[in-house]
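So the structure is just underneath, and the comments pick up after that.
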Amino acid sequence: MVPDIETDGGTTEMSRDENVEMSRNAVRDGVLDAIGTVSLLGFSLLALFIGVRGVYIGSSMAISGGFVIVSCLLAAAAFNLIPPFRD
Numbered sequence: 010m011v012p013d014i015e016t017d018g019g020t021t022e023m024s025r026d027e028n029v030e031m032s033r034n035a036v037r038d039g040v041l042d043a044i045g046t047v048s049l050l051g052f053s054l055l056a057l058f059i060g061v062r063g064v065y066i067g068s069s070m071a072i073s074g075g076f077v078i079v080s081c082l083l084a085a086a087a088f089n090l091i092p093p094f095r096d
């Protein structure tokens, strides 16, 4: 069934500038999301390394465990398993 242009309000025409702007915004958001995910995973690996190293060299187990927990939380945030930190 072909929609009737007269009854559905017509077509919305986007200008070339609006189309280019929408595409740029979509690409920019995608790139920033990818950078954010990689950054969170990097911080997660750093916190995991510090926590595991603390366990092996015999430092405080509470601090080492805290780093491991923070590492797990950062990895979960990177994969959207927990609600995001920002609105």
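Plus 9 on top of the position in the sequence shown (first one is 1) and you've got the numbering used here.
For glycine and all other residues, C-beta sits at the position ideal for the given N, C-alpha and C.
- In the structure shown, SER68 adopts coil according to DSSP, grouped into three states.
- Taking a C-beta distance under 8 angstroms as the contact criterion, PHE76 and GLY63 qualify as a contact pair.
- Assignment of ILE78 by DSSP, reduced to helix, strand and coil, places it in the helix class.
- With fewer than three CB-CB distances shorter than 8 angstroms, the stretch 56-70 does not count as touching the stretch 38-46.
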